[in-house]
Amino acid sequence: MLEDPTKLLEDLTPEQGAAVSHLDGPALVLAGPGSGKTRVITRRIAWLVGNGIPAWQILALTFTNKAAGEMRERVDELVPETVAGRRGLFVSTFHAFCARQIRMHAERLGLDAGFSIYSTADQRSAMKESIASSGLESGNWTPASMLSAVSDAKNKLQTVEAYDAEASDFYTRTVARAYAGYQKILARNNAVDFDDLLLKTAALLRDHDDVRSELQERFRYVLIDEYQDTNHAQFVIADSIASAHGNLFVVGDPDQSIYGWRGADVGNILDFESQYPGTSIIALGRNFRSTGHIVGAAAGLISNNRRRKHKELHTDLGDGEQVSLLHCRDERHEAEQLAEQLRTASDEGRDYRDMAVLYRVNALSRVLEDSLRSAGIPYVIARGTAFFERKEIKDVLAYLRSLANLSDEVALGRIMNVPARGVGKKTIERLGRFAMQNGLPLFEAVTRVAEVDGLGARAVRSVGTFANSMLRWRSALENGHDGQLPGFVAQVITESGLEAMNIGGEGDEEQERIANLNELVNAAAEFQPAPEQLVTEGGGDPDSPELDDVEVPITLLDALRGFLESVALVSDQDVVDESRGAVTLMTLHAAKGLEYEVVAMVGLEEGLLPHARSQEGELELEEERRLCYVGMTRARRRLLMMTAASRAVRGVRSMTVPSSFLSEIPTEHLLESGSDPFGDANDGYTIEYDPDVVDEPGELGLASRFPAGTVVRHPQFGMGTVRSISPRGSVSAARVDFHAIGTKTLILEYARLERVVD
DNA sequence: TGGCCGTGACTTTTT
DNA sequence: GTCACGGCCA
748 MLEDPTKLLE DLTPEQGAAV SHLDGPALVL AGPGSGKTRV ITRRIAWLVG NGIPAWQILA
808 LTFTNKAAGE MRERVDELVP ETVAGRRGLF VSTFHAFCAR QIRMHAERLG LDAGFSIYST
868 ADQRSAMKES IASSGLESGN WTPASMLSAV SDAKNKLQTV EAYDAEASDF YTRTVARAYA
928 GYQKILARNN AVDFDDLLLK TAALLRDHDD VRSELQERFR YVLIDEYQDT NHAQFVIADS
988 IASAHGNLFV VGDPDQSIYG WRGADVGNIL DFESQYPGTS IIALGRNFRS TGHIVGAAAG
1048 LISNNRRRKH KELHTDLGDG EQVSLLHCRD ERHEAEQLAE QLRTASDEGR DYRDMAVLYR
1108 VNALSRVLED SLRSAGIPYV IARGTAFFER KEIKDVLAYL RSLANLSDEV ALGRIMNVPA
1168 RGVGKKTIER LGRFAMQNGL PLFEAVTRVA EVDGLGARAV RSVGTFANSM LRWRSALENG
1228 HDGQLPGFVA QVITESGLEA MNIGGEGDEE QERIANLNEL VNAAAEFQPA PEQLVTEGGG
1288 DPDSPELDDV EVPITLLDAL RGFLESVALV SDQDVVDESR GAVTLMTLHA AKGLEYEVVA
1348 MVGLEEGLLP HARSQEGELE LEEERRLCYV GMTRARRRLL MMTAASRAVR GVRSMTVPSS
1408 FLSEIPTEHL LESGSDPFGD ANDGYTIEYD PDVVDEPGEL GLASRFPAGT VVRHPQFGMG
1468 TVRSISPRGS VSAARVDFHA IGTKTLILEY ARLERVVD
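Residues 748 to 1505 (the numbering used here) make up the first sequence, in order.
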């Protein structure tokens, strides 16, 4: 193919071709759903290589490992690695790219190369500690809210100092203190969080001319996928690398911007033109994915957004099926109907792997799983991090992380007494005090446990044994090579006693835990550093036309660090695997960039989509609408949208209102069916609810169910009479006279009050 | 010290 | 309905 690069353009539309063959200067590709965005990027890479640009000068950035992997694969198909100038292509996620830069220049950022990347759970515990030690004890400051404020700041590249300088009111002053304490803890543990990866890379590029010019020199061509979801930090990083040569090629769709809450700035794509004068703009409006009714329905919906660039969408694939809008009685009914629909599609000859079920919140998956399981329909849930959040896996990872980064006291604290070895809170406290008093890292105190005062003989012996194991493993890491990684992981699992601890019983859970531990060893065996990690160590000399074919040997310690990094940066999408022959269940967010023959969206109700937490402002509402749009446009041939007339949330059942988005879809594209719980009930089920509830849909339902005078029963307080009901924010407070204990105020939504019928 | 149990708190989306 | 934490008992 490469002998004649123009062949790369043959089966493309003129617009696609223009994008692919764009050579120098900034370019913005506005790519509607299904318009061949990935195709354009991969062809373009091949085109550049075919036109004499060495692949190692090309940097392609994505948001998920899955997208990066697919891009690599598809480029391989177009231009095999054996072709001259093809080696060294750098395709990576933003976060992995940044992690690598930080690893290479760790010392300049005050880090050790073995730094840990903190997971959400680690972040929370660090923030908790920060809040506690900053004396912010009054309960109003939750770690979650502080972390989100800190994350916002970091995404805007505000360091502690910058944030502090601007903090003027009580709230921001408080955040500033929590932020400062939090960063101190991260530094002490030689750790960074997700946002730091971006922030520190941006700082590295800003403050170190040599690093910046090296990257600028090497990466003459920068391509970015899903540009609408970049935040300010990512913009600065990309801009800083691409500014020297100006070859910044971005692809995205403002209508699919769904990460505003995470700091993504649609302004990056909307203002691209003015940021980069001379930008070539190419709009891809033809949809190759979906049939007419699906495209029409989605286009009708998104046209309700006021803040957008108008864009025509069209398809040549014919009208196809109308979008089915199916109303169900409740979430169980919805789940059963879903299973039935999937079964029908399968009976029609469609493969389960070509079907996906999308929902707004993860909590919805449970009832769907139950139903699919009992219907015998194979399914997988796309939750990339779920595996690594299991306790037995977290334990092993804490060992590994602690070994990779001896300063990581969060990890060390987790494992000192796991499996239980008689090292309790007191012992850990004394070790900590000893470390503090002598200005030592905690790990040092552990290895010198004999010097610590006040410990019992048993504790000294246990800690000593633990310390010896750690030192032994650590020296194995330093002396080993990368091929030993799976063996090493297995060794730690066994010798630490974690294996014995989990072998305990015979139940399904125990079996599963052991299987998971084995799975982790497999993951280590499958782990390979991304190809680009192997190539450039020193060989990345921008003047060398071709990189060495020699792969630099990697030590076991480096391999472990790479493995832990890949574990820290998995996304939900990364575990989506079409080859499993199963229906994929995932959130709407995780579905971005994917496509399926049959797509079902469930829970299309007010409060869920749009989500209650985003109904305050017009901006948030528009993002919810885009989210709905993203979901709908994942479907190639059949789109099924479902509602439940009543839904139990946190154990409380209430009537729902269909999503307002549904009424924004032009009716000619819709085929509405299903039961109307308020109409006649001869459609196969009977109404099983209290008439009081049915009369009052929505959140009023619960309050109206317990008017003053209602006799109720509470699981703890026994029988009582409702005295009054008053709204309290989004919930209702009830004052109840309990016969046994007197008057109490309860939140209706949480108290499990039962109406007692007399 | 460790494990169990009860209570209370909370519940969007994620690299 | 789920999880985390604190208190209590062995």
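Built from N, CA and C at the ideal position, the CB exists for glycine as well.
Keep in mind the model is a prediction, meaning the values are calculated, not measured.
Item, Value
"Residue from Ala1151, Lys1173 and Leu1089 with nearest C-alpha to Val1345", "Leu1089"
"Three-state secondary structure assigned by DSSP to Asp1012", "coil"
"First through last residue of the beta strand (DSSP E) which encompasses Gly999", "Leu995 to Gly999"
"Beta carbon of Gly1102 nearer than 8 angstroms to that of Ala1092", "The amino acid occupying residue 1102 in the given sequence is Met; Gly does not appear at that position. Yes. Within cutoff."
"Beta-ladder partner(s) of Ser1401, from DSSP", "Arg1394"
"Residue span of the beta strand (DSSP E) that contains Thr809, given as start and end", "Ile805 to Thr809"
"Boundaries of the alpha helix (DSSP H) in which Ala1129 is found, first to last residue", "Neither: Ala1129 is in no alpha helix (DSSP H) and is coded neither H nor E."
"Residue environment, Tyr918, which counts as buried when at least 16 other CB atoms sit within 10 Å", "exposed"
"Simplified DSSP state of Val1108, which is helix, strand or coil", "coil"
"Run of the alpha helix (DSSP H) containing Gly1043, from where it starts to where it stops", "Gly1039 to Ile1049"
"Exposure label - Ala766; buried when at least 16 CB within 10 Å", "buried"
"Other residues of its chain near Asp1523: CB distance less than 7 angstroms, five sequence neighbours each side excluded", "Nothing can be reported for residue 1523: it is not among the residues displayed for the chain, which extend from 748 to 1505."
"With 16 other Cβ atoms within 10 Å as the buried cut-off, status of Ser880", "exposed"
"Start and end residues, beta strand (DSSP E) containing His1074", "Val1070 to Asp1077"
"Which residues DSSP lists as bridging Met1102, in chain order", "Val1345"
"DSSP-derived helix/strand/coil call for Leu1387", "strand"
"Residues near Ser866 in its chain [Cβ-Cβ closer than 7 angstroms; skip 5 each side]", "Ala1315"
"C-alpha distance - Val997 paired with Ile849, whole-angstrom precision", "24 angstroms"
"Host beta strand (DSSP E) of Phe837 (start-end)", "Phe837 to Thr840"
"Three or more C-beta pairs below 8 angstroms linking the region 1231-1249 and the region 1159-1173", "yes"
"Close Cβ partners of Gln1231 (< 7 angstroms) along its chain, the five nearest in sequence each way excluded", "Leu1303"
"Rounded C-alpha distance that separates Val1236 from Ala1270", "10 angstroms"
"Beta bridge counterpart(s) of Ala1337 as assigned by DSSP", "In DSSP, Ala1337 forms no bridge with anything."
"Per DSSP, cross-strand counterpart(s) of Leu1418", "Ser1071"
"For Pro801 and Asp1229, the rounded distance between their alpha carbons", "29 angstroms"
"Rounded separation between Leu1506 and Ala909 - CA only", "Past the boundaries of the shown model lies residue 1506; the chain is included only from 748 to 1505, so the question cannot be answered."
"Leu1105 versus Gly1350 - alpha carbon distance", "9 angstroms"
"Leu858 versus Arg959 - alpha carbon distance", "19 angstroms"
"Strand pairing of Arg1031, partner residues [DSSP]", "First, the amino acid is wrong: residue 1031 is Leu here, not Arg. Bridge partners of Leu1031: Ala778."
"Buried versus exposed, by CB contacts within 10 Å (16 or more), Ala1204", "exposed"
"Paired residues, beta bridge with Ser863 - DSSP", "Ala938"
"Boundaries of the beta strand (DSSP E) in which Leu970 is found, first to last residue", "Tyr968 to Ile971"
"Asp1505 - DSSP class collapsed to helix/strand/coil", "Residue confidence for Asp1505 is low, a pLDDT of 40 falling below 50, so the modelled location carries little weight; the figure read from the coordinates is stated next. Three-state result, Asp1505: coil."
"Where the alpha helix (DSSP H) containing Thr1302 begins and where it ends", "No alpha helix (DSSP H) holds Thr1302; DSSP gives it neither H nor E."
"DSSP three-state assignment for His1080, whether helix, strand or coil", "helix"
"Exposure of Pro1024, with buried meaning 16 or more beta-carbon neighbours within 10 Å", "exposed"
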